[in-house]
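K.L.:
Protein chains: 2
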Amino acid sequence: MTKMTDLTGAPALPLNTIMAGDCIEVMKGLPEGSVDLIFADPPYNLQLKGELHRPDNSRVDAVDDEWDRFSSFASYDRFTQDWLREARRLLKPDGAIWVIGSYHNIFRVGAAMQDAGFWILNDVVWRKSNPMPNFRGKRFTNAHETMIWASKGEGAKYTFNYEALKALNEGIQMRSDWVLPICNGGERLKTETGEKAHPTQKPMSLLHRVLVGSTNPGDVVLDPFFGTGTTGAVARMLGRDWIGIERDAGYREVAHRRIADVRPFDKSALQVSTSRRAAPRVPFGQLVERGMLRPGEELWSMNGRHKAKVRADGTLIGDDVKGSIHQVGAALEGAPSCNGWTYWCFRRDGKTVPIDVLRQQIRAEMEDRPD
Amino acid sequence: MTKMTDLTGAPALPLNTIMAGDCIEVMKGLPEGSVDLIFADPPYNLQLKGELHRPDNSRVDAVDDEWDRFSSFASYDRFTQDWLREARRLLKPDGAIWVIGSYHNIFRVGAAMQDAGFWILNDVVWRKSNPMPNFRGKRFTNAHETMIWASKGEGAKYTFNYEALKALNEGIQMRSDWVLPICNGGERLKTETGEKAHPTQKPMSLLHRVLVGSTNPGDVVLDPFFGTGTTGAVARMLGRDWIGIERDAGYREVAHRRIADVRPFDKSALQVSTSRRAAPRVPFGQLVERGMLRPGEELWSMNGRHKAKVRADGTLIGDDVKGSIHQVGAALEGAPSCNGWTYWCFRRDGKTVPIDVLRQQIRAEMEDRPD
DNA sequence: ACTACGTGTGAATCCCTCC
DNA sequence: GGGAGGGATTCACACGTAG
């Protein structure tokens with residue numbers, strides 16, 4: 001493949017392009033710590049009946065059952081370890097990875113991810129609303145696939161747009177089981193002869209939820225098993241940069257045309273709900289400095305059971321306790337911690353008002369005139 | 001343990017008893033090829049670190065028991081390989097095994113099962129209808145556990161009561177995802193002091209479906225991690241013989257009393273597992289994920305007086321208001337509440353269509369294969 | 001008897017910034 | 001890098017008590 005470098009001599013990222021070749025080799029040529037998210041839909045590769053192929057496409061010549069079984073699992077494991085090692089190298093320290101699979105391969109993949117140092121955050125079940133039935137009635141309808149979401153390592157940071165996903169789910173925390181239809185109808189890519197362009201095309205709704213939940217606009221998303229480019233199409237739609245790797249020229253061609261047709265959403269639609277966590281921090285002392293609360297004034301706990309007096313330095317003093325609004329609240333409640341902003345109230349004109357109202361006033365002013 | 005033999009000199013099966021001791025050692029003393037089904041609920045190796053509190057400051061009662069602590073993945077893997085080897089030895093040639101776990105351990109267990117020669121038939125997802133939320137909002141609600149169902153080896157026969165399961169599922173082929181509540185209320189075993197008798201008691205409805213589906217009356221069911229004996233209780237109820245292995249004397253005592261109380265062929269568990277299903281809630285965000293509405297697209301109020309723009313996370317943004325379809329509708333109308341589904345319309349081909357039409361489409365799809 | 005409301009709790013790898 | 005401290009964060013049920 002072509003080696004690209006930027007002006008500093010560091011290899012540049014080939015953003016929004018489909019790279020040709022084996023993903024392990026191609027990833028070796030990309031710079032370490034450069035990617036925000038990896039979405040991988042690796043080959044399931046474990047149909048031991050009939051033929052079995054190594055990652056390099058050579059056919060495994062079975063001698064007997066024992067040898068064949070050992071050889072095939074071991075060869076799939078080596079392949080998995082190899083691409084996972086390169087994938088992890090490419091991730092930024094606060095990057096994350098999603099891998100999708102079925103019971104044929106997902107257990108080996110999950111164990112390999114843990115062995116490679118990834119830290120599993122959730123396994124997410126894609127529950128298909130319209131799966132193919134088990135025609136022979138010998139097993140359960142295979143109605144789901146499993147995704148593993150993992151950070152780069154134990155304690156590593158990662159992106160999780162909690163509020164946006166909660167909003168997507170009408171105000172209820174998003175669960176680890178997602179009910180979504182399989183990809184068919186107009187979304188399913190076809191060849192000129194009307195056949196499926198790719199046997200395992202994933203629905204865009206699945207990628208939408210993955211990318212809204214674990215990336216921000218402008219992030220770089222890598223898909224090492226690009227296929228017909230669902231990841232790229234949704235990334236472009238959502239204003240994320242993407243890189244695809246695919247060794248099949250036919251799939252690359254379909255993906256290229258498909259992504260070129262995508263109209264990105266406009267910027268304002270990409271702004272998603274955020275939590276208070278992202279809001280600027282307001283020290284309680286500022287309420288006193290600005291005269292919103294007077295030193296000596298009494299605050300009352302939300303439940304009305306406790307009171308404390310405001311001091312000029314923005315601390316509280318109650319019976320035998322003094323400290324921050326949080327510390328005094330925790331001490332009075334005998335709790336391990338306490339959010340003083342939602343715990344304390346002041347009184348004006350006979351009404352009891354949470355002090356958080358004052359913080360919101362300050363934040364509103366800051367939005368008009370940011371520092 | 002005591003060695004038992006029957007009249008022919010072959011070791012006899014200690015049917016319908018709880019054996020004391022470490023399951024690997026105990027299994028070594030049982031005869032090869034003697035068991036029809038194994039249900040195993042091994043330690044999950046949760047690796048919990050500090051304490052966790054709910055937003056109301058109450059402390060979560062974590063699984064911190066000694067039996068769930070392993071020094072490393074390697075030591076957990078050795079343990080898993082050892083008990084799986086003995087389990088497989090005990091199975092009849094046409095026997096089968098179920099193992100339940102979470103993302104902490106299930107990938108390692110699944111890979112070890114394949115390595116041990118088991119042949120996976122399905123992975124089955126237990127979708128909890130009432131899981132514990134993720135209190136800190138840092139991950140998805142961990143709302144499911146995974147069960148692996150496997151035969152003794154590739155091509156081995158196994159029991160699958162297809163019609164019985166179909167009947168259990170109101171005439172529709174049983175899928176690989178089962179919606180069942182966690183074990184609480186009256187079914188949850190308590191000590192005299194009112195604490196949980198076992199931290200991870202499984203619901204009887206789960207075992208009911210497993211045993212109805214993959215055993216016949218008179219079959220022998222072995223549970224090497226017996227705990228407080230859910231497997232034994234359901235087996236007795238359904239007229240199956242059972243063997244439990246448990247090393248904790250306290251758990252054995254609770255299980256013994258519990259199983260003695262079971263009336264065989266009680267139909268109560270059946271009623272639990274076929275509990276009625278509520279009308280499915282469809283989040284508005286799903287219309288966006290599924291491409292039925294585009295982020296950036298405008299919606300119009302039914303009366304034509306207001307409009308708002310759809311965002312990628314399924315919220316709306318109008319003049320000075322943003323939030324859910326319901327919130328924005330209420331704000332624009334100055335009303336205390338608003339049903340956004342009937343309030344908002346989208347435009348296609350010059351026609352104005354209520355968004356509720358799209359929700360009805362999704363519900364219709366779900367009715368094809370409910371659960 | 002029935003409803004309304006408050007409380008308790010479940011296999012959990014659950015914060016982040018600043019000094 | 002470790003410790004301190006601000007302050008953000010929950011859904012579905014079962015059960016008990018009040019009205």
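Residue numbers (full-length UniProt numbering), protein chains in the order written: chain A, 1 to 371; chain B, 1 to 371. Glycine included, every Cβ here is placed at the ideal spot set by N, Cα and C. Note that the structure is a prediction, hence the values are computed from the model and not measured.
#1: Is A:W67 close to chain B, meaning its C-beta is less than 8 Å from at least one C-beta of that chain?
#2: Got a sec? Which residues, its chain only, sit under 6 Å from B:D223 by beta carbon, not counting five neighbours each side?
#3: Tell me whether the segment 17-28 of chain A and the segment 240-255 of chain A touch, counting them as touching only if at least three CB pairs, one residue from each stretch, are closer than 8 Å.
#4: Does DSSP put B:C345 in a helix, a strand or coil?
#5: May I have the straight-line CA-CA distance separating B:L332 from B:A312, to the nearest angstrom?
#6: For A:V99, which residues in the same chain have their Cβ closer than 6 Å to its Cβ, ignoring the five residues on either side in sequence?
#7: Using a C-beta to C-beta distance shorter than 7 Å, which residues of chain A count as neighbours of B:Y162?
#8: I want to see whether chain A comes within less than 8 Å of B:I317, judged by CB atoms only; does it?
#9: What are the residues in the segment 87-105 of chain B lying within 9 Å of chain A by C-beta distance?
#10: Could you spell out the range, first to last residue, of the alpha helix (DSSP H) harbouring B:K190?
#11: Could you say which of B:F226, B:K190, B:E297 and B:S102 lies nearest to B:W126 if we only look at CA atoms?
#12: Using beta carbons (cut-off 8 Å, strictly below), is B:K309 in contact with chain A?
#13: Would B:N323 pass as a contact of A:E170 if the rule is Cβ separation under 8 Å?
#14: What's the gap between the Cα of B:G329 and the Cα of B:A156?
#15: Might you give, ordered along the chain, the residues of its own chain that have their beta carbon closer than 8 Å to the beta carbon of A:P354, omitting 5 neighbours on each side?
#16: So residue 372 of chain A is in the beta strand (DSSP E); what residue range does that whole segment cover?
#17: Quick check on B:N134 - is its C-beta less than 8 Å from some C-beta in chain A?
#18: Going along chain A in order, which residues have a C-beta closer than 9 Å to the C-beta of B:N130?
#19: Which chain B residues sit within Cβ distance under 7 Å of A:V124?
#20: Classify A:G227 as helix, strand or coil using the three-state DSSP reduction.
#21: If you drop the 5 nearest sequence neighbours on each side, which residues of the same chain put their C-beta closer than 8 Å to that of A:T228?
#22: With distances taken between CB atoms, is the gap from A:L121 to A:Y158 smaller than 8 Å?
#23: Using 8 Å as the threshold, is the C-beta distance between B:G117 and B:L37 below it?
#24: Keeping to the same chain, check which residues put their C-beta closer than 7 Å to that of A:G296; ignore five residues upstream and five downstream.
#25: Tell me the residue span of the alpha helix (DSSP H) that contains A:K157.
#26: Can you list the alpha helix (DSSP H) stretches of 4 or more residues lying completely in the segment 200-224 of chain A, in chain order?
#27: Can you list the residues of chain B that A:Q114 reaches, using a CB-CB cut of under 8 Å?
#28: Using CA atoms only, rank isn't needed, just tell me which of A:L206, A:S72, A:H306 and A:A111 is closest to B:E289.
#29: How many angstroms separate the CA atom of B:V262 from the CA atom of B:G186?
#30: A:L180 by DSSP, collapsed to three states: which one?
#31: Once DSSP output is grouped into helix, strand and coil, what is the label at B:R311?
#32: For B:E333, go through chain A and note every residue whose CB falls closer than 8 Å to its CB, in chain order.
#33: Determine, using beta carbons only, whether A:E253 comes closer than 8 Å to chain B.
#34: When you compare each of B:K128, B:S151, B:L46 and B:R236 to B:S71 by their alpha carbons, which one comes out closest?
#35: Which same chain residues, not among the five before or five after B:N134, have their C-beta less than 8 Å away from its C-beta?
P.N.:
According to the structure shown:
#1: Taking the first residue of the first sequence as position 1, residue 67 of chain A is located at position 67. Note that A:W67 scores 38 on pLDDT, short of 50, meaning its location in the model is unreliable; the coordinates nonetheless yield the value given after this. Judged by the 8 Å Cβ criterion, A:W67 is not in contact with chain B.
#2: For the purposes of this step, residue 223 of chain B is taken as residue 223 along the second sequence, with counting starting at 1. Excluding positions up to five away in sequence, the list reads F39, T231 and G244.
#3: The segment 17-28 of chain A is in contact with the segment 240-255 of chain A.
#4: If you number the second sequence from 1, residue 345 of chain B lands on position 345. The answer is strand: DSSP assigns B:C345 an E or B state.
#5: Position 332 of the second sequence holds residue 332 of chain B. Position 312 of the second sequence holds residue 312 of chain B. The straight-line gap separating the alpha-carbon atoms of B:L332 and B:A312 is approximately 21 Å.
#6: Taking the first sequence and counting its residues from 1, the one referred to as residue 99 of chain A is at position 99. So the list reads A40, V109 and I148, once near-sequence residues are dropped.
#7: In the second sequence, counting from the first residue as 1, residue 162 of chain B sits at position 162. Under the 7 Å cutoff, chain A gives G137.
#8: Taking the second sequence and counting its residues from 1, one reaches residue 317 of chain B at position 317. At least one C-beta of chain A is nearer than 8 Å to the C-beta of B:I317.
#9: S102, Y103 and H104
#10: Residue numbering aside, residue 190 of chain B sits at position 190 when the second sequence is read from its first letter. Run containing B:K190: none; DSSP gives neither H nor E here.
#11: The sequence position of residue 126 of chain B within the second sequence is 126, counting from 1. Among B:F226, B:K190, B:E297 and B:S102, the Cα nearest to that of B:W126 is on B:S102.
#12: For this step, residue 309 of chain B is matched to residue 309 along the second sequence. Judged by the 8 Å Cβ criterion, B:K309 is in contact with chain A.
#13: Taking the first residue of the second sequence as position 1, residue 323 of chain B is located at position 323. Taking the first residue of the first sequence as position 1, residue 170 of chain A is located at position 170. Before going on, a small fix: residue 323 of chain B reads as Gly here, not Asn. No, Cβ-Cβ distance for B:G323 and A:E170 is not below 8 Å.
#14: The count along the second sequence starts at 1 and reaches residue 329 of chain B at position 329. The count along the second sequence starts at 1 and reaches residue 156 of chain B at position 156. Each residue's alpha carbon lies about 60 Å from the other.
#15: As a working mapping, residue 354 of chain A is identified with position 354 in the first sequence. Here the set comprises M302, W341, T342, W344 and C345.
#16: The structure shown does not extend to residue 372 of chain A, since chain A is modelled only from 1 to 371, so the question has no answer here.
#17: Position 134 of the second sequence, counted from the start, is the residue given in the question as residue 134 of chain B. It does; some Cβ of chain A falls within 8 Å.
#18: Against the second sequence, residue 130 of chain B aligns to sequence position 130. Under the 9 Å cutoff, chain A gives no residues; its nearest Cβ is about 11 Å from B:N130.
#19: Start at 1 with the first residue of the first sequence, and residue 124 of chain A comes out as number 124. Here the neighbours are F140.
#20: To locate residue 227 of chain A, count along the first sequence from 1; it is residue 227. Assignment of A:G227 by DSSP, reduced to helix, strand and coil, places it in the coil class.
#21: By 1-based counting over the first sequence, the position of residue 228 of chain A is 228. Here the set comprises L189, A197, H198, Q201, Y251, V254, A255 and R258.
#22: As a first step, residue 121 of chain A must be located in the first sequence, where it is residue number 121. As a first step, residue 158 of chain A must be located in the first sequence, where it is residue number 158. Contact: yes.
#23: Here residue 117 of chain B refers to the residue found at position 117 when the second sequence is read from its first residue. Here residue 37 of chain B refers to the residue found at position 37 when the second sequence is read from its first residue. For B:G117 and B:L37, no; Cβs fall outside 8 Å.
#24: Counted from its first residue, the first sequence places residue 296 of chain A at position 296. Excluding positions up to five away in sequence, the list reads K309 and V310.
#25: In the first sequence, counting from the first residue as 1, residue 157 of chain A sits at position 157. Unbroken run through A:K157: none, as it is neither H nor E.
#26: 204-214
#27: The sequence position of residue 114 of chain A within the first sequence is 114, counting from 1. Within chain B, the residues near A:Q114 are F73, F107 and R108.
#28: Stepping through the second sequence from its first residue, residue 289 of chain B is reached at position 289. It is A:L206 whose Cα lies nearest to the Cα of B:E289.
#29: As a position in the second sequence, residue 262 of chain B is number 262, starting the count at 1. As a position in the second sequence, residue 186 of chain B is number 186, starting the count at 1. Using only the alpha carbons, I get a separation of about 14 Å.
#30: Against the first sequence, residue 180 of chain A aligns to sequence position 180. Residue state, collapsed to three classes: strand.
#31: If you number the second sequence from 1, residue 311 of chain B lands on position 311. In the structure shown, B:R311 sits in coil (DSSP, three-state: anything other than H, G, I, E or B).
#32: Locating residue 333 of chain B in the second sequence gives position 333, where the first residue counts as 1. By Cβ distance, chain A contributes nothing, its closest Cβ being about 19 Å from B:E333, past 8 Å.
#33: Locating residue 253 of chain A in the first sequence gives position 253, counting from the first residue. The beta carbon of A:E253 sits no closer than 8 Å to any beta carbon of chain B.
#34: One-based indexing of the second sequence puts residue 71 of chain B at position 71. If we check each option's Cα against that of B:S71, B:L46 comes out closest.
#35: Translated into positions along the second sequence, residue 134 of chain B becomes position 134. Result list for B:N134: F140, T141 and N142, in chain order.
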